């Protein structure tokens, strides 16, 4: 067991934690260390100060306590000596493992990686829908892991791993919790219907939709702010943005597109969290194209890009055109890109470097398959102008004795609706 105690200056009595990881024999050491470093960043984002990091190399995790009885005693002593009340494991623990660890260690709160991510989501949820999604995910994940605590079912009360819209509900019995979960699912289903109506309205408008996806803290919100002055929160923290934000952006050709910022991805993102946030993650599925934003300065960006790709596949959006945006290039490239150069753009959303080329690529994506058509609409068909203004980019209109002559850029679908009025392509 390797124990690394961090310097005194990093301590914070109010929320000190110990991080624990098991490195199975034969596992990729670099990947394990990267995951553990990420866990530390997650803990810091949640407001914790890391007191110590413990790593054990082991053939297989112990089914009872994950790290084995001897190491549990060492962890217990470390908690007592440092007066540590929270221990976070870089894995997903079973309900029985949490119960056994807390019984063996003593007066501590044991969390796993998923519970920590949920805690951060609770911290950053701002919209009504976001809060409902977090509460439902917390209840589904946390309640089974609090079995055996009796009246202490609500250990949630203050500090790391203890916040969220649903903490007071955990003080009630399971039947009440089940009713609460049913109510949350009904409310989210209603919100999902409203979101579907909004998407249908966007589809009818014919406007090109681009989802901004990528690993957490890759700079998605900063990019949206740079392009559209959206004014959304952009911090150097994991999961600073949870709620999707959509803004219009006018391309140099005059055509408008929609850009949507989405919740960040992370390795080992809990499946129940994907389900809870399905209605917001579906922004990726309903987009016409995806901007995959990658933090090019992060040494782990290749692995992070793979995580993003796999989650896009899991969401069923792998058939969408993708543009890989290597961000934070002002900080230097940590490695070579993993995708063909024709799919790459190198920018700094913070400084604006490279964004002109990005806009050019966005225009190419949005206008792919579109042509300029000349329509002549008779006087009794002026209403069709509304179709062109809503589904195409109108370049010029000229009123004549016979009606109106319109020059517009549109796709084959829109041109097909007005095919009998086309006079030139």
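In this note's numbering, the protein residues as written are 993 to 1417. Cβ atoms here follow ideal geometry from the backbone N, Cα and C, with glycine treated the same way. Since the model is a prediction, treat every value here as computed from it, not as a measurement.
Excluding sequence positions up to five before and after residue 1250, its CB lies within less than 8 Å of the CB of 1194, 1199, 1200, 1201, 1202, 1238, 1239, 1240, 1241, all in the same chain and listed in chain order. Annotation: the stretch 1051 to 1135 contains the following complete segments of the beta strand (DSSP E) (minimum length 3 residues), in chain order: 1078 to 1081, 1101 to 1104. Within the same chain, Cβ atoms closer than 6 Å to the Cβ of residue 1013 are found at 1028, 1047, 1082, the five residues on either side in sequence being excluded.
Per DSSP, reduced to three states, the secondary structure at residue 1041 is strand.
A direct Cα-Cα distance of roughly 35 Å separates residue 1397 from residue 1312.
Runs of the alpha helix (DSSP H) lying entirely within the stretch 1336 to 1383 and spanning at least 4 residues, in chain order: 1347 to 1359, 1376 to 1383. The C-beta separation of residue 1256 from residue 1185 comes to about 26 Å, leaving the pair out of contact by the 8 Å criterion.
One thing to note: residue 1080 has its Cβ within 9 Å of the Cβ of residue 1035.
Nearest to residue 1302 by C-alpha distance, out of 1266, 1167, 1317, is 1266. Boundaries of the beta strand (DSSP E) around residue 1016: 1008 to 1016. As computed with DSSP, residue 1402 is found in a beta bridge with 1363. Residue 1315 sits away from residue 1273, with the two beta carbons spaced by 9 Å or more. Assignment of residue 1408 by DSSP, reduced to helix, strand and coil, places it in the helix class. Residue 1208 is not bridged by DSSP to any residue.
Distance from the CA of residue 1308 to the CA of residue 1392, rounded to the nearest whole angstrom, comes to 49 Å. Residue 1044 and residue 1319 have their alpha carbons spaced roughly 32 Å apart.
Within the DSSP secondary-structure output, residue 1395 pairs in a beta bridge with 1370.
Judged by DSSP secondary structure, residue 1231 falls outside any alpha helix (DSSP H); it is assigned neither H nor E. In chain order, 1314, 1315, 1316 place their CB closer than 8 Å to the CB of residue 1335, counting only its own chain and leaving out the 5 sequence neighbours on each side. With 16 or more other CB atoms across the displayed protein chains lying within 10 angstroms of its CB, residue 1123 is buried. With distances taken between CA atoms, residue 1207 lies nearest to 1030 out of 1011, 1030, 1399. In terms of Cα proximity to residue 1134, the closest of 1103, 1112, 1071, 1350 is 1103.
Rounded to the nearest angstrom, the gap between the Cα atoms of residue 1388 and residue 1230 is 47 Å. Rounded to whole angstroms, the separation of the alpha carbons of residue 1290 and residue 1411 is 51 Å.
Between the beta-carbon of residue 1400 and that of residue 1384 there is about 4 Å, and that keeps the pair under the 8 Å contact cut. Within the same chain, and ignoring the five residues on either side of residue 1084 in sequence, the residues whose Cβ sits closer than 8 Å to its Cβ are 1104, 1105, 1106, 1260, 1262.
Residue 1337 is not a Cβ neighbour of residue 1324, given a cutoff of 9 Å. In the structure shown, residue 1279 falls within a coil segment according to DSSP collapsed to helix, strand and coil.
Rounded to the nearest whole angstrom, the CA to CA distance from residue 1407 to residue 1177 is 42 Å. When the five nearest sequence neighbours on each side are left out, the beta carbons in the same chain lying within less than 6 Å of the beta carbon of residue 1074 are those of 1043, in order along the chain. Taking 9 Å as the cut-off, the Cβ atoms of residue 1010 and residue 1093 do not count as close.
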